[in-house]
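See below for the structure under consideration.
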Amino acid sequence: MNYSLGIDLGGSSIKAVAVTPAGESLARHNIDFDPDTRLDWAQKIRALVRQLEAERGAPADCLGLSAPGLTAVDGRSIACMPERLQGLEGLDWTTFLGRSKAVPVLNDAHAALLGEVWVGAARGFQNVILLTLGTGVGGAAMVDGRLLHGHIGRAGHLGHASLDPDGPPDCAGTPGSLEVAIGNCTLQTRSGGRFQTTQDLIAVYLKGDAEATAIWLKSVKALAAAVCSFINILDPEAVIIGGGIARAGVALFGPLQRFLERMEWRPGGQRAKILPAQLGEFAGAFGAAFNALK
1 MNYSLGIDLG GSSIKAVAVT PAGESLARHN IDFDPDTRLD WAQKIRALVR QLEAERGAPA
61 DCLGLSAPGL TAVDGRSIAC MPERLQGLEG LDWTTFLGRS KAVPVLNDAH AALLGEVWVG
121 AARGFQNVIL LTLGTGVGGA AMVDGRLLHG HIGRAGHLGH ASLDPDGPPD CAGTPGSLEV
181 AIGNCTLQTR SGGRFQTTQD LIAVYLKGDA EATAIWLKSV KALAAAVCSF INILDPEAVI
241 IGGGIARAGV ALFGPLQRFL ERMEWRPGGQ RAKILPAQLG EFAGAFGAAF NALK
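Residue numbers (the working numbering): 1 to 294.
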């Protein structure tokens, strides 16, 4: 059976899928690596590729990879990923993995959107954006059926949109960004040290705690303001929301929809769909496989 491999490199784990050209999942793997050991992730990816091909009994027709950072112009490596995953910048995956066919490399959020478009929540859409809410806020955009990359690969970094020019800078230097407003990375600051994770905050919010409610709804209101801005700029049919914070379900999507009722511009009654992502932690791996198949 013909199949493709998709590998998604995260901050401390690697997700991999073997899929048919029709998007049928043949195998999924999720393995951890030691981020403090230089190139441990690279060696484990190489071993994982060998394992997946041994399981299938034949080499993959193609292999794609996704990783955080900005991709190189030739699409064979990550050109910029400061501070984390030392050794990733400039690593040519085609050469490293000894492949005869080029291994295309995508930014992880771009890959996640492609995965959702292929076999997830964004199937059938030509204009769609993705937001991933977790430690930070990732994003990607497809316009008229084309994934936006931009001049140097920054397109789609929606989490770094500024909502407050006087707010604190995020990791990209953007003041008062969406990431600052709702990312788990700022929660301790936003909650005065009371909450360590957004899941903790939501659990107390659901019990009716006044302080937790104020903190959470302020964050969701900021998300709604960002979403309606992205809708006005990119005019998507749908906004897909994933990441760990999206697992809150109605606790997130309920107030988000209520805020959007007041904020969203809806000419002729048209409104963008707000949908939860479907592929979970394997979205980037599916997107990497699809990118290779293309």
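Note that the Cβ used here is the ideal one computed from N, Cα and C, for glycine as well.
A quick note: this is a predicted structure, and the numbers were derived from the prediction, not measured.
Residue i - DSSP class collapsed to helix/strand/coil
i, result
"S162", "strand"
"R28", "strand"
"L274", "The residue you asked about is not Leu; residue 274 is Ile in the sequence shown. Strand."
"I7", "strand"
"V73", "coil"
"L148", "coil"
"V105", "strand"
"E89", "strand"
"L279", "coil"
"G249", "coil"
"Q257", "helix"
"P35", "coil"
"A22", "coil"
"M1", "coil"
Distance between beta carbons of residue j and residue i, contact taken as under 8 Å
i, j, result
"F282", "V103", "Contact doesn't hold; Cβ gap of about 19 Å is too wide."
"N127", "T71", "Between T71 and N127 the Cβ distance is about 22 Å, and since that is not below 8 Å, they are no contact."
"G109", "L130", "It is worth fixing the name first, because residue 109 is Ala in this sequence and not Gly. Confirmed, Cβ separation roughly 7 Å."
"L148", "G156", "6 Å"
"S4", "A292", "5 Å"
"A272", "P236", "6 Å"
"L275", "A238", "5 Å"
"A222", "G6", "A222 to G6, Cβ: 33 Å. No contact."
"I45", "L9", "7 Å"
"S77", "L97", "So it is not a contact: roughly 12 Å between Cβ atoms."
Which listed residue (the options) has its alpha carbon closest to that of residue i
i, options, result
"F286", "L26, M1, G139, S13", "L26"
"W216", "A224, Y205, A226, A225", "Y205"
"P21", "D32, N2, H29, D34", "N2"
"T135", "V117, G159, R154", "G159"
"E264", "D61, P168, V250, N232", "N232"
"Q43", "L88, V250, E24", "L88"
"G75", "G64, V180, E53", "G64"
"P175", "A181, D166, I182", "D166"
"P255", "A58, E55, I240, S219", "S219"
"A67", "G98, G11, F253", "G11"
"R38", "A203, E83, A122, L178", "E83"
"R146", "F230, I152, F125, G139", "F125"
"V73", "E55, V105, R56, F230", "V105"
"D144", "N30, I241, L234, C62", "L234"
According to DSSP, residues forming a beta bridge with residue i
i, result
"P175", "P169"
"G139", "L131"
"G64", "G6"
Residue i - containing alpha helix (DSSP H), residue span
i, result
"Y231", "One point to set straight first is that residue 231 is Ile, not Tyr, in the sequence displayed. That run of the alpha helix (DSSP H) goes 210-234."
"I202", "198-205"
"A345", "The question about residue 345 has no answer, for the chain in this structure spans 1 to 294."
"Q51", "40-56"
"L187", "187-190"
Residue range of the beta strand (DSSP E) that includes residue i
i, result
"I240", "238-242"
"K15", "13-19"
"G115", "From DSSP, G115 is part of no beta strand (DSSP E) but of the alpha helix (DSSP H) over 108-119."
heavy atom of the ligand FAD below 7 Å from residue i C-beta
i, result
"G115", "Among the components of this structure there are no ligands whatsoever, and the ligand FAD is therefore not found."
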